[in-house]
Every structure is written in C-alpha cells, then in structure tokens.
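Per the numbering used here, the sequence shown starts with residue 112, numbered consecutively. Notes follow once the structure below has been shown.
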Amino acid sequence: MKLPEELQFIANARMVQKTTDARMDGRVCIITGATSGVGYHAAKKLAQGGAHLVLVCRNIEKAAKVQEELKCEYGTEIDILQADFSRLDVVRMVAEALLDHYPHIDVLINNAGVHTTRRTLTESGLETVFCVNHLASFLLTRLLLPRLMESTPARIIQVNSQGHRFGGLDLNDLNWEKRRYKGLKGYGASKTAQLLTVWELADKLRGSGVTVNAMHPGEVRTNIGMNNGYLYQWYQRYLLWPILRDPVISGNAIYYLAAAPEMAGVSGRFFNLTIDEKPALHALDRSVGKRIWKISETLTGLAEAD
Ligand SMILES: NC(=O)c1ccc[n+]([C@@H]2O[C@H](COP(=O)([O-])OP(=O)(O)OC[C@H]3O[C@@H](n4cnc5c(N)ncnc54)[C@H](OP(=O)(O)O)[C@@H]3O)[C@@H](O)[C@H]2O)c1
C-alpha cells in the first residue's frame, strides 16, 4: 500500500539504506556533539574511514575518552575542542580556533542537539533548544564558510530531525514568551528553522563547490532527552528505548552523506537517513526561510558584523 506523501517518511525509514566504500583518508571532518549517540557513531564510522576528525564537544572529559578510543581502534588523527552551544560567544571562539588550526576543512557536521520538556533560557536570554539546535549551528557554519569555500569540494551536513514535522516555529515568538512552551513544539521549531536556512544557504552556495544538506538520523536509542525530569527519563528508558533502533544506522548514514562520490554536487536536500525525502510543507516556505535567515543573522550578531 502506498502511503500518502506526508506519511512517506514512515516507509522511507524502513527502506534499504545506501552505503559507500569510498574512504575519507586525511579529510578534515569537524563534528559537533560526538560524545554520545548519533555524533559518536558518526565519528566512529568516519575514523574507520580514515578521516582526520575534529570533535567539538561540550564535555571535554567525555570527548577525551572518545578521542582515545577511536585513536586506539583506528589510528587516525583526532583532535578535540570544547564548546557549549548554549553560548554564542563560545561558538565564535571555537570557530576562531578552528580557523586558526585548520587551513583546510572538508566536511562540517552540525550534530549537537538537545530536547527539553520545559522552557529554559541561555545566559543571554535565548530559548535554549532554539539556540543549541539552530542558532549555534547557523553561526558556526557561517563563520567557517570562507574556509569551506577555500577547501572545495566541501560538504556541510545538518543533523536535523523528523521532529521538524511537529512545527512550532512562530517568527513573532521565537523565545516562547507569548505561548506555553511544549517540548516537542520547541524542538520542532528549532529543527524547522534549521531546515529553512538550509534551503537559503544551498541557494547562496550554488556553484561554489560547497554543498549543504540536512538529514534525519533515524529514531535511535541515544541520550537525547535524558536531561529532563525523572518521569521523562523513565518513559524514555523503559518505553522508548526498547522500540528505537541502534544509532549505528545514523553513523552509517552520515558517513554516506559525507563520503559517497554520488553525493558530490547534491545540495539543498533533506535525507531520511540516506533516502532523499520531502520535508513537511511548513519547512518549505521560502518566504519564512528568508525571514528566519535574517532573524538568525541578527540574533547571532552576524548582521552587525556585515
Ligand atoms: N536520537 C534520535 O532518535 C534522533 C532523531 C532525530 C534527530 N536527532 C538529532 O541527532 C542529533 C544528536 O542527538 P542524539 O540523539 O545523538 O542525542 P545525544 O546522545 O544526547 O547526543 C547529543 C550530543 O549533543 C551534545 N550537546 C547537547 N547540548 C549541547 C550543548 N549545549 N553544547 C554542545 N554540545 C551539546 C551532547 O553533549 P554531552 O555528551 O555533553 O551531553 C552530545 O554529544 C541531535 O541534533 C538530535 O536532534 C536524534
């Protein structure tokens, strides 16, 4: 039975996924949030493929463990840098360090992400999920863009989510001051904003040799959400985890998007793991995309710099 277009993502998740034998030897790949779940498995697969990894992580002890494990297992070069993405000043500092250290960047994977059931604010008063999931990746990408453009062919992968289908993006209330915060909607808003800016960036990068795509890493057993209350943690551990998949599939899919020769030149698309998919209609509204691009530039201080 063929599912209606808006439910096609359910069937896509069960399709045979694409893989590649292409290696990544010596390619400099920056990945955020590699201490756990999707990011950890992507880092592992990239290390196995020979990539020179730069892990940008919030918790340096956890990152050092991953660094040691992957170095021992695969013998590839692995560097770590610390950054908390709830602080945009820190994102700027880490971008500067990356530009100082790496004259060449082949792949940027914006993976770090968070889901909270309650509204919390960052030190600068931004709603945390929106800041970590969207603004931080938007800012890091923009700051690294000149280097990526000097390193062509280069690829940007935004680890997004089917959660964008929850909606929630209200340009007049990005900080959830006028509405009651709902975790899934807040998460959906952040992922919708990221997707909308992917289409804008892809257009701006056309012909530059840098591609940008978004992907959903599968419904997988990770620590996302485990920062919430005990009841949520119990629900996740005992009811959700048993039905979720192994995040190895996420790592494999990200590797494919980063390494596959057939992905060269493919840009401005959304992938369910490795399957090209149509996102929800509200995430395809280019007029909203242009507005959220400008708002994101203002909130991250990029507009001022311009
Ligand atoms: N799991 C799923 O089913 C699923 C589905 C769709 C999309 N995703 C997306 O996949 C990505 C990875 O999530 P995951 O499921 O692998 O969850 P996870 O196991 O919780 O990993 C999240 C990673 O992001 C890091 N992180 C969280 N907040 C951060 C901050 N403020 N600054 C810097 N790093 C931060 C975490 O660091 P710590 O180790 O220090 O906490 C961790 O490394 C997210 O973008 C998520 O939205 C996941």
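Note that the Cβ used here is the ideal one computed from N, Cα and C, for glycine as well. As the structure is a computational prediction, the values presented were derived from the model and not from experiment.
For residue i, I'd like the list of residues in its chain whose CB is within less than 8 Å of its CB, leaving aside the five on either flank, ordered along the chain.
| i | result |
| --- | --- |
| Phe241 | Leu285, Asn286, Gly297, Ala300, Ser301, Ala304 |
| Val399 | Leu280, Leu282, Leu307, His393 |
Let me check understanding here. Comparing Cα to Cα, which of the options lies closest to residue i?
| i | options | result |
| --- | --- | --- |
| Gly336 | Cys140, Asn363, Leu280, Ser147 | Ser147 |
| Leu164 | His215, Glu311, Gly329, Ser398 | His215 |
| Gly412 | Asp200, His152, Lys129 | Asp200 |
| Pro328 | Thr322, Tyr346, Gly362 | Gly362 |
| Arg198 | Tyr213, Tyr185, Thr233 | Thr233 |
| Tyr213 | Ile360, Arg258, Met204 | Arg258 |
| Ala175 | Tyr185, Met204, Asp190 | Asp190 |
| Ala369 | Ala158, Phe120, Ile121, Glu117 | Ala158 |
| Leu237 | Ala416, Ile406, Ala391, Trp345 | Ile406 |
| Phe120 | Asp314, Arg348, Lys389 | Lys389 |
| Val139 | Met204, Tyr185, Leu254, Ser262 | Ser262 |
Compute the minimum distance between the beta carbon of residue i and the heavy atoms of ligand 1, and state whether it is under 7 Å.
| i | result |
| --- | --- |
| Cys140 | no |
| Glu330 | yes |
| His245 | no |
| Val149 | yes |
| Val218 | no |
| Thr228 | no |
| His327 | yes |
| Ile335 | yes |
| Leu355 | yes |
| Arg266 | no |
| Arg253 | no |
| Cys183 | no |
| Ser197 | yes |
| Thr231 | no |
Looking only at its own chain, which residues have a Cβ that is under 7 Å from the Cβ of residue i, when we skip the five neighbours before and after it?
| i | result |
| --- | --- |
| Gly144 | Gly150, Cys168, Asn222, Ala223, Gly224 |
| Thr231 | Thr239 |
| Pro264 | Gly320, Ala375 |
| Cys183 | none |
Take residue i and list the residues in its own chain whose beta-carbon comes closer than 6 Å to its own, dropping the five residues that flank it on each side.
| i | result |
| --- | --- |
| Gln269 | Asn221, Gln305, Val309, Ala325 |
| Ser319 | Met260 |
| Lys173 | Thr146 |
| Pro372 | Ala133 |
| Arg332 | Trp352, Leu355 |
| Thr385 | Gln128, Lys129, Ala364, Tyr367 |
Would residue i and residue j be called neighbours here (beta carbons separated by less than 8 Å)?
| i | j | result |
| --- | --- | --- |
| Val202 | Leu166 | no |
| Leu192 | Leu210 | no |
| His275 | Ala394 | yes |
| Thr252 | Leu219 | yes |
| Thr187 | Tyr367 | no |
| Ala247 | Phe196 | yes |
| Gly137 | Gly161 | yes |
| Ser378 | Leu295 | no |
| Val177 | Ala153 | no |
Does any C-beta atom of chain D lie closer than 8 Å to the C-beta of residue i?
| i | result |
| --- | --- |
| Ser262 | As a matter of chain content, chain D is missing from the structure shown, which is built from one protein chain. |
- Task: Counting only runs of 4+ residues fully inside the region 334-378, write out the alpha helix (DSSP H) ranges in chain order.
- Result: With a minimum length of 4 residues, the continuous alpha helix (DSSP H) runs that stay inside the region 334-378 are 341-345, 359-370.
- Query: Along the chain, which unbroken stretches of the alpha helix (DSSP H) at least 4 residues long are found entirely within the region 281-318?
  - Reply: Taking 4 residues as the shortest admissible run, the region 281-318 contains the following complete alpha helix (DSSP H) segments, listed from N- to C-terminal end: 294-316.
- Message: Quick check on the DSSP output: what are the complete alpha helix (DSSP H) runs of length 4 or more inside the region 206-273, in order along the chain?
- Response: Listed in chain order, the alpha helix (DSSP H) runs fully inside the region 206-273 are 247-261, counting runs of at least 4 residues.
- Item | Completely contained alpha helix (DSSP H) runs for the region 158-185, where each covers 4 or more residues | Along the length of the region 158-185, whole alpha helix (DSSP H) runs at least 4 residues long occupy 171-185, reported in chain order.
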